[in-house]
Ligand code: 4AD
Ligand code: MG
């Protein structure tokens, strides 16, 4: 029954344990201090940013010379309360087994390493305080997201990863093929013959699970996806990854206004969850990543998000007391500099921008009565910019078909998507939240490469 004697350090420090005797801990050595009659080890097992202090009363009985920073150990002992100390419990070691020794040249020495350097050793960086905290935080917020939707009766669905549909119509799909790249068969017009390919047609990695989420929402009601998303977009910024995780709720019988209420409530829920249920991590970010992060989140929880139309946003930008690299005119796509001005300088809080020009948004968005704009919404936040993109969907068969034709889409290929509008169509809406973007915003971490364990960016797919 040794399995149940193994305890997580977090549970020991919180005294969530049934016995102080015969306790086993397993983890990695952070520090070692040896003197003649006593020795101390700090052990971490990844369950908490805090270490457990191990006290060795007869150092001569153990091979402490062989234990270095980074080594993995199994320690059996008993626990003792030590009042008036930061960590008011410690372990007295009775048995120490070295499971995996670490030589003295262990890369992660006690000094501070730069985030840039740590990216190059992504296989070891989860062992640092910062990145173990980031990963525990990711786990907690992922759980919070499921909890939020499950509590509200949304059903978790899985959209395919390999697909023949370009959901955003932006041509940013990574191709999936088993064709021999050194010897590709072409047809009479010198075009690749995908009939010979694995799926018999051109396929790629999904850029969004939305189209399939629409299928499921028009059968199950309220649904959400939470999965990996891929974009072969060659933008080397601190906010773009080629592989990122997206949460895509899709709601049947829901219009844009109603969805905006949900967006605001959802974002605030995640902030509250972080402050209340991820206290240790938020404290760490507040101290080490960005001072005042917690206070910023608290302020937003108590504020109302600004809601403006694209047209109003353009007017605000035209009157701005600063100049922009990209000139402001109706019809342009909002650039990062514009988005930042709106959310950081003008409103100083999250902003929901709606009703964008039809020409700059995806084919599935519902055409407004003005025939110029669509029922889109983007959520912009200070520092990170866009964290959410969504819309009410075009539920009218003829309007959607016309729009797809205007975009020169292959109608035959998307017949199934149109058929949703033919049989029992309903007004429906959905949005996509970038998981890494919201984590960056809550934690204050500035680069997307530091919030995902194994970042994929142009030129980098190591690990
Ligand atoms: O605005 P996007 O492209 O919207 C969609 O994909 C819709 N199909 C969503 C929907 O309505 N179901 O992407 C949604 C969000 C963005 O707001 C951003 O937070 C994130 O996904 N995102 C990225 N995050 C990291 N790296 C990238 N390259 C990203 N591209 C989009
Ligand atoms: Mg977008």
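Numbering (the working numbering), first residue to last: 2 to 464.
The beta-carbon is built from N, C-alpha and C at its ideal position, and this holds for glycine as well.
Check: residue i C-beta below 7 Å from any heavy atom of the ligand 4AD
i, result
"residue 241", "yes"
"residue 249", "yes"
"residue 234", "yes"
"residue 139", "no"
"residue 146", "no"
"residue 72", "no"
"residue 211", "yes"
"residue 460", "no"
"residue 168", "yes"
"residue 172", "no"
"residue 449", "yes"
"residue 445", "no"
"residue 397", "no"
"residue 257", "no"
"residue 298", "no"
"residue 438", "yes"
8 Å contact criterion, which residue i and residue j should meet: CB distance rounded
i, j, result
"residue 354", "residue 309", "6 Å"
"residue 247", "residue 205", "Not a contact, Cβ separation roughly 16 Å."
"residue 60", "residue 35", "6 Å"
"residue 361", "residue 435", "About 19 Å separates the two Cβ atoms, so there is no contact after all."
"residue 331", "residue 312", "7 Å"
"residue 338", "residue 348", "With a Cβ gap of about 15 Å, residue 338 and residue 348 do not count as contacting."
"residue 150", "residue 250", "7 Å"
"residue 207", "residue 168", "7 Å"
"residue 321", "residue 335", "No, residue 321 and residue 335 are not in contact; Cβ-Cβ is about 13 Å, not under 8 Å."
"residue 464", "residue 123", "5 Å"
Same chain, Cβ closer than 8 Å to residue i, five either side skipped, listed in chain order
i, result
"residue 79", "21, 22, 23, 24, 92, 93, 95"
"residue 39", "56, 57, 58, 60"
"residue 70", "30, 31, 32, 33, 103, 107, 109, 110, 111"
"residue 293", "287"
"residue 67", "99, 102"
Residues near residue i by beta carbon distance below 7 Å, same chain, minus five either side
i, result
"residue 279", "138, 141"
"residue 100", "73, 74, 75"
"residue 46", "9, 10, 26, 27, 28"
"residue 395", "365, 366, 367, 368, 401, 404"
"residue 466", "Here the chain has residues from 2 to 464 only, and residue 466 is not among them."
"residue 125", "108, 109"
"residue 406", "412"
"residue 235", "459"
"residue 317", "343, 347"
"residue 154", "223"
"residue 1", "Missing from the structure shown is residue 1; the chain here goes from 2 to 464 and no further."
Distance cut-off 7 Å: residue i Cβ against heavy atoms of the ligand MG
i, result
"residue 379", "yes"
"residue 543", "This structure does not reach residue 543, given that the chain is present from 2 up to 464, and the question cannot be answered."
"residue 277", "no"
"residue 387", "yes"
Nonlocal neighbours in the same chain, by C-beta distance under 6 Å from residue i, ignoring five residues either side
i, result
"residue 291", "445"
"residue 240", "449"
"residue 166", "212"
"residue 323", "none"
"residue 426", "396"
"residue 200", "none"
"residue 428", "256, 396"
"residue 180", "198"
Sub-8 Å separation of residue i and residue j beta-carbons
i, j, result
"residue 44", "residue 57", "no"
"residue 350", "residue 304", "yes"
"residue 452", "residue 135", "yes"
"residue 218", "residue 253", "yes"
"residue 210", "residue 222", "no"
"residue 216", "residue 421", "yes"
"residue 89", "residue 82", "yes"
"residue 1", "residue 50", "Given that the chain is displayed from residue 2 to residue 464, the structure contains no residue 1 and the question cannot be resolved."
"residue 458", "residue 242", "yes"
"residue 226", "residue 160", "yes"
"residue 375", "residue 359", "yes"
"residue 385", "residue 441", "yes"
"residue 432", "residue 460", "no"
"residue 454", "residue 127", "yes"
"residue 275", "residue 13", "no"
"residue 517", "residue 48", "Residue 517 cannot be examined here, being either before or after the span of the chain that is shown, 2 to 464."
"residue 340", "residue 306", "no"
"residue 269", "residue 283", "no"
"residue 423", "residue 398", "yes"
CB contact check: residue i to chain C, cutoff 8 Å
i, result
"residue 258", "The chain labelled as chain C is not found in the depicted structure, where only one protein chain is given."
Residue i: CB within 7 Å of a non-hydrogen atom of the ligand NAP
i, result
"residue 101", "The ligand NAP is absent from the structure shown, which contains only the ligand 4AD and the ligand MG."
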